[in-house]
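K.L.:
In short: position in the sequence shown from 1, add 21, done, that's our numbering. The beta carbon of each residue, even a glycine, is placed where N, CA and C say it ideally should be. Keep in mind the model is a prediction, meaning the values are calculated, not measured.
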Amino acid sequence: MPKLNQIEQIIEACRKGDEKAQLHIFREYGNMALRLAWRYVSNEDDAREVMQLSMIKVFEHIKDFKGQSELKTWISRIVINQSLNFLRNQKKFAFHVSLSPAIAEETEDIYVDDEIKPSDILEAFKLLQSLPELHRLVFNLFVMDGMSHQEIGKMLGMTEANSRQVLMRARKMLHRELSNKTMITKDEQQKKYR
């Protein structure tokens, strides 16, 4: 019988209710879960609550983990779902967005730069947090978590076209905010040298 690697042993111990193994999983993936939750909810306290709920769910359902993906991926999915459930329960936004097909077609040809690269990670985080809830969700799910518009649509109860539209608007908002911040920085630098 092949020897189980360390993570498989820890998962197996978690399935048996071993608290040391659970603590190991929490220490290993807790910060990642917190950062991921914070991308979806609006403040640190809510993110901590989502992280804790997610880790509880991880331990409740670790018996269902089949190993078809990495443990980190499986935990990330749980955190994303918990974040969405948290937002639904908080009723901070409506998941349903309606767009006429004509509007969706009209705006598909608008070009938005895909390479939004703020040099400061904290600034990027602040920019993302400034987006309206639905826009931030769609942006995170598509850009950061690599989901398709079809998956996002099913998850949020909208059409693929609506998901594309919301993503485009989110990118435009981020691009506009980034451009405004760049202009302000340049103006401030010019004032220093006058």
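Does the separation of the CB atoms of residue 159 and residue 182 fall below 8 Å?
P.N.:
Here residue 159 refers to the residue found at position 138 when the sequence shown is read from its first residue. Here residue 182 refers to the residue found at position 161 when the sequence shown is read from its first residue. It is not a contact, given that the beta carbons lie outside the stated cut-off.
K.L.:
Report yes if the CB atom of residue 45 is closer than 8 Å to the CB atom of residue 32, and no otherwise.
P.N.:
Your numbering for residue 45 matches position 24 in the sequence shown. Your numbering for residue 32 matches position 11 in the sequence shown. Contact: no.
K.L.:
Within 10 Å of its beta-carbon, does residue 165 have 16 or more other beta-carbons around it, so buried, or fewer, so exposed?
P.N.:
Numbered from its first residue, the sequence shown carries residue 165 at position 144. By the 10 Å Cβ count, residue 165 comes out exposed.
K.L.:
What's the gap between the Cα of residue 81 and the Cα of residue 148?
P.N.:
Locating residue 81 in the sequence shown gives position 60, counting from the first residue. Locating residue 148 in the sequence shown gives position 127, counting from the first residue. Rounded to the nearest angstrom, the two C-alpha atoms are 35 Å apart.
K.L.:
Please list the terminal residues of the continuous alpha helix (DSSP H) segment that includes residue 84.
P.N.:
Within the sequence shown, the letter at position 63 stands for residue 84. First-last for residue 84: undefined, no H or E at that position.
K.L.:
Would you decide whether residue 75 is buried or exposed? Buried here means 16 or more other CB atoms lie within 10 Å of its CB.
P.N.:
Counting from one through the sequence shown, the residue named residue 75 turns up at place 54. Residue 75 is buried by the Cβ-count criterion.
K.L.:
So for residue 39, helix, strand or coil by DSSP?
P.N.:
Here the question's residue 39 lines up with position 18 in the sequence shown. Residue 39: coil per DSSP, three-state reduction.
K.L.:
With respect to the alpha helix (DSSP H) encompassing residue 172, which residues constitute its N-terminal and C-terminal limits?
P.N.:
Locating residue 172 in the sequence shown gives position 151, where the first residue counts as 1. Residues 170 to 177.
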